[in-house]
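Chemist: The structure follows.
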Amino acid sequence: MIDPNHELFRWGPIPGKPIYVSYFMISITESFPRKYKCACPEIFFYFIQDKMTFICDYQELRDSGKKHFFFWIMDDSELKKVKKSYNLTVKRLHKIYQKLENLERFSDKDFFHLFKKWQEAYLLFWDHGLVPEVANWGGEQVLKDKLTEIGLSQEQFILALEKLTAPEKLSFYQEEELAFLKVKEKENSTDEKKYTTALRCHAQKYFWLGNSYYETIVLDEKQFEEKLKELNCKDVKGEIEKIKQIPKRAKEEKKKILREFNIGNDIKKIAQRLSYCIWWQDARKKQIFIANHYLTLFLKEISRRRNISLPELQLYWGKELENLLQGNFLPQKEIERRKQKFLGHYNTSLKIISKAKVFAELVNPFIYQKVDENVKEIKGTVASLGLGKVKGKVKILLNPKESDKLKTGEILIAPFTSPEYIVAMRKAAAIVTDEGGMTSHAAIVSRELGIPCIVGTRIATKVLKDGDKVEINAEKGIIRKIKNS
């Protein structure tokens, strides 16, 4: 059993529906370990109403991740094979997507086979797509250990870790932002057709951008046009050029760090591979959000055929949908329990636990933990240096849907961040999270935004309160209370 007193890896809590993450859990506990010879540690993946949290022992996760990193990522030929397998699964999925419009036209038998075909392809996508994520769990610690060995000062260590792990390719959010700015360029064009065509193409390419693990939203031309009107950018060409220069700047900063800190080729290769895996894991998210769109199309059609509501279908767990299509519904009592809370528990096999008493016995020790609320100084891992030191007022966001409550220039404090937090993150002067590491969502986005970010504090949301004035020292990884609210 996972020891709540050990150092824990937590992903969440963030908004999420079971169906959208169930394929990840099926893959990581069943087919992925077989394909990639990677022992999976014990996992708790629990849901409380619309929030989800993934927990396992951090040391066990790192140990498993390190072996995986050296075997599949550091070996050139193995990495080449994995990348090829992953790219083939993405192509296979997109080929299936072309058949998924107007699902009502299929007979029950053909619909079942089409869903099964998609499900098999999606699980295969996860099998290969988990490679960078598991590698990141171990690779981050490998790089930290190597940088520690060469005797860098604390400031040098933080700087080297941030710069060397920076991806050398644009994230999918940056790619969309670049494409969006190019549409903006055409907004005042004398050739209106050129603008409307560009806008339509952008909406067709990025319709999935508002998706998450909680919901799927189809963004259309009208919504992107509204965003264009809201975009206050005086120098569009300059912004376009700035984004284009991000990969080049990342490479130049790495060369400078390697040269100034006299870092050898062994560490250089580790950093390059970790940097690539961070980019890869983020790029994978794009494919997940697209897949969630098509999964929702399936769910809506299953809802129509089987007369079961979409919210209830979103409580199903992966292959349970296959059983449903064969006439095996989940009992209504089970559905009602899952609406409140339930747990996916893996320890040699994956079990779904929804009985309140058993859930409480297993999960409560991880939820209710004592914290000294009088702490004046909080420490965490520096994920982004930004400008180094920042002072500001605290705004705690436990739910990204409340992003409008955060004012520009405030310090965003969250348990964990996910794509839904992006609006708040763009307004924040700095970001602090309870959970996460150098490869987390908060770390990646804060580096893109160039603002300070400290992750893995464990207690920030419990110790700080809205309105507290704090100083964020990203050079040392410290958050200090200046004044209580």
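With the first letter of the sequence shown counted as 1, position 223 gets the number 1468 in the working numbering; the numbers rise by one all the way through. For glycine and all other residues, C-beta sits at the position ideal for the given N, C-alpha and C.
Counting Cβ pairs closer than 8 Å, one from the stretch 1336–1349 and one from the stretch 1403–1422, do we hit at least three?
Modeler: Flag = no, the stretch 1336–1349 and the stretch 1403–1422 do not touch.
Chemist: Could you spell out where the alpha helix (DSSP H) holding residue 1629 opens and where it closes?
Modeler: Careful: residue 1629 lies outside any alpha helix (DSSP H), inside the beta strand (DSSP E) at 1626–1629.
Chemist: Is there contact here, the stretch 1589–1602 with the stretch 1668–1677, by at least three beta-carbon pairs under 8 Å?
Modeler: No: the two stretches stay apart, fewer than three of their Cβ pairs being nearer than 8 Å.
Chemist: Ordered along the chain, which non-local residues of its own chain (more than five positions away) have a Cβ less than 7 Å from that of residue 1268?
Modeler: Cβ neighbours of residue 1268 beyond the five flanking positions: 1367, 1368, 1371, 1563.
Chemist: Fully enclosed by the stretch 1620–1695, which beta strand (DSSP E) runs are 3 residues long or longer?
Modeler: Listed in chain order, the complete beta strand (DSSP E) runs (minimum 3 residues) inside the stretch 1620–1695 are 1622–1624, 1626–1629, 1634–1641, 1656–1659, 1675–1678.
Chemist: Where residue 1579 and residue 1519 are concerned, what is the direct C-alpha to C-alpha distance, given to the nearest angstrom?
Modeler: Looking at the two C-alpha atoms, the distance is approximately 42 Å.
Chemist: Assuming residue 1537 is part of the alpha helix (DSSP H), what are its boundary residues?
Modeler: Unbroken alpha helix (DSSP H) run through residue 1537: 1510–1551.
Chemist: With burial defined as no fewer than 16 other Cβ atoms inside 10 Å of the residue's Cβ, what is the status of residue 1494: buried or exposed?
Modeler: Residue 1494 is exposed by the Cβ-count criterion.
Chemist: Is it right to say residue 1668 is buried, meaning 16 or more other beta carbons lie within 10 angstroms of its own, or is it exposed?
Modeler: Exposed, since its Cβ has fewer than 16 Cβ neighbours within 10 Å.
Chemist: Which residue from 1327, 1256, 1476 puts its Cα closest to that of residue 1425?
Modeler: Comparing Cα positions, the closest option is 1476.
Chemist: Which residue comes first and which comes last in the beta strand (DSSP E) that contains residue 1588?
Modeler: Residues 1586–1591.
Chemist: With distances taken from CA atoms, which of 1474, 1680, 1695 is nearest residue 1429?
Modeler: It is 1474 whose Cα lies nearest to the Cα of residue 1429.
Chemist: Write down the C-beta distance between residue 1318 and residue 1419 rounded to the nearest angstrom, noting that I regard them as a contact closer than 8 Å.
Modeler: No, residue 1318 and residue 1419 are not in contact; Cβ-Cβ is about 23 Å, not under 8 Å.
Chemist: Taking its Cβ as the centre, do 16 or more other Cβ atoms sit within 10 Å of residue 1381, making it buried, or is it exposed?
Modeler: By the neighbour-count rule (16 or more Cβ atoms within 10 Å), residue 1381 is buried.
Chemist: Go ahead and pull the three-state DSSP assignment for residue 1452.
Modeler: Three-state result, residue 1452: coil.
Chemist: Suppose only complete runs of 3+ residues qualify. What are the beta strand (DSSP E) ranges in the stretch 1296–1332, listed by chain order?
Modeler: With a minimum length of 3 residues, the continuous beta strand (DSSP E) runs that stay inside the stretch 1296–1332 are 1296–1302.
Chemist: Which residues in the same chain have their Cβ closer than 7 Å to the Cβ of residue 1226, if we skip the five residues on either side of it in sequence?
Modeler: Since the first residue of the chain shown is 1246 and the last is 1730, residue 1226 is not available in this structure.
Chemist: For residue 1616, collect the residues of the same chain with a Cβ closer than 8 Å to its Cβ; drop the 5 residues on either side in sequence, then sort them by chain order.
Modeler: Correct list, in chain order: 1704, 1707, 1708.
Chemist: I'd like the span of the alpha helix (DSSP H) that includes residue 1721, first residue to last.
Modeler: Careful: residue 1721 lies outside any alpha helix (DSSP H) and carries neither H nor E.
Chemist: Quick check: the Cα distance between residue 1301 and residue 1309, rounded to an integer number of angstroms?
Modeler: Cα to Cα, residue 1301 sits roughly 12 Å from residue 1309.
Chemist: Using 8 Å for Cβ pairs, my map puts residue 1561 next to residue 1273. What's the rounded Cβ distance?
Modeler: Actually they are not in contact, since the Cβ atoms of residue 1561 and residue 1273 sit about 18 Å apart, beyond 8 Å.
Chemist: By how many angstroms is the C-alpha of residue 1568 removed from the C-alpha of residue 1412?
Modeler: So the two alpha carbons sit approximately 41 Å from each other.
Chemist: Could you spell out where the beta strand (DSSP E) holding residue 1258 opens and where it closes?
Modeler: Unbroken beta strand (DSSP E) run through residue 1258: 1253–1260.
Chemist: Tell me which residue opens and which closes the alpha helix (DSSP H) that residue 1458 is part of.
Modeler: Where residue 1458 is concerned, there is no enclosing alpha helix (DSSP H), given that its DSSP letter is neither H nor E.
Chemist: How would you label residue 1322, buried or exposed, when you count the other beta carbons within 10 angstroms and need 16 or more for buried?
Modeler: By the 10 Å Cβ count, residue 1322 comes out exposed.
Chemist: Under 8 Å by Cβ, that's how I've got residue 1260 and residue 1521 pegged, so tell me the actual separation to the nearest angstrom.
Modeler: So it is not a contact: roughly 29 Å between Cβ atoms.
Chemist: Go to residue 1595, then tell me how far its beta strand (DSSP E) extends in each direction, as first and last residue.
Modeler: Residues 1595–1598.
Chemist: Look up residue 1616 in the DSSP assignment and say whether it is helix, strand or coil.
Modeler: In this structure, residue 1616 counts as coil in the three-state DSSP scheme.
Chemist: So is residue 1262 buried or exposed if we call it buried at 16+ other beta carbons inside 10 Å?
Modeler: Result: buried.
Chemist: Whole angstroms is fine: what's the gap from residue 1479's alpha carbon to residue 1638's?
Modeler: Each residue's alpha carbon lies about 29 Å from the other.
Chemist: Any chance the stretch 1380–1396 sits against the stretch 1443–1455, with 3 or more Cβ pairs inside 8 Å?
Modeler: No: the two stretches stay apart, fewer than three of their Cβ pairs being nearer than 8 Å.
Chemist: If I'm right that residue 1789 touches residue 1388 with Cβ under 8 Å, what's the distance once you round it to whole angstroms?
Modeler: Coverage of the chain is limited to positions 1246 through 1730, which leaves residue 1789 absent and any answer about it impossible.
Chemist: By alpha-carbon positions, which one of 1570, 1621, 1379, 1652 ends up nearest to residue 1315?
Modeler: Of 1570, 1621, 1379, 1652, the residue nearest in Cα terms is 1379.
Chemist: Could you compute how far the alpha carbon of residue 1726 sits from the alpha carbon of residue 1712?
Modeler: C-alpha separation (whole angstroms): 11 Å.
Chemist: Given residue 1601, which residues of its chain have a CB within under 8 Å of its CB, disregarding the five upstream and five downstream residues?
Modeler: Answer for residue 1601: 1582, 1585, 1586, listed in chain order.
Chemist: Buried or exposed, going by whether 16 or more other CB atoms sit within 10 Å of the CB of residue 1645?
Modeler: Under this definition residue 1645 is a buried residue.
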